[in-house]
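**Q** Dropping a structure here in C-alpha cells format, bear with me for questions.
Right under this line is the structure:
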C-alpha cells in the first residue's frame, strides 16, 4: 500500500506545453513551494487537486502502470520529476508506504 499526492498537468494545449509547465511546477516545488497549495492552484485533476493533490491510500493495480511504478519505486517525502501517462504529466510525492496486511472478515 502507498499513499501519494500528485499534480496533474494536462490542459496546456499540447504535449510539449504540458511538459514545459510540469517542469516549471516541479522546479518551483524543489525550490520550496508548498506542494498542497500548488496542487490546488495548478492540478488538472479535479478530484485530488482540491485536496492538495492527496490521492489517499491505494494498492498495486489501482493506478495506471507508469504512475504505479513511480509511486511504489519512489522514496517517501521526495518530489519526483514529471512522469507521463495517458492522462498527462504527473508530479508525484509519495507521502507514506505500508507493507501491513489486513484481514477483512466476511459475515
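Residue numbers (the numbering used here): 1269 to 1375.
C-beta: ideal position from N, C-alpha, C; glycine also.
(1) Relative to the C-alpha of residue 1350, which residue among 1270, 1283, 1269 and 1366 is closest?
(2) For residue 1301, does the three-state DSSP call read helix, strand or coil?
(3) Reducing DSSP to helix, strand and coil, say where residue 1306 ends up.
(4) Could you check where the beta strand (DSSP E) with residue 1324 kicks off and where it finishes?
(5) Could you tell me whether the region 1330–1341 touches the region 1275–1291, using the rule of 3 or more Cβ pairs below 8 Å?
(6) Quick check: what's the CA-CA separation for residue 1326 versus residue 1271?
**A** This is what the structure holds:
(1) When only C-alpha atoms are compared, the closest one is 1283.
(2) In the three-state scheme derived from DSSP, where H, G and I count as helix and E and B as strand, residue 1301 is classed as coil.
(3) Helix at residue 1306.
(4) Counting along the chain, residue 1324 sits inside the beta strand (DSSP E) bounded by residues 1322–1326.
(5) Two segments are said to touch when three or more pairs of C-beta atoms, one from each, lie closer than 8 Å; by this definition the region 1330–1341 does not touch the region 1275–1291.
(6) The C-alpha of residue 1271 is placed about 6 Å away from the C-alpha of residue 1326.
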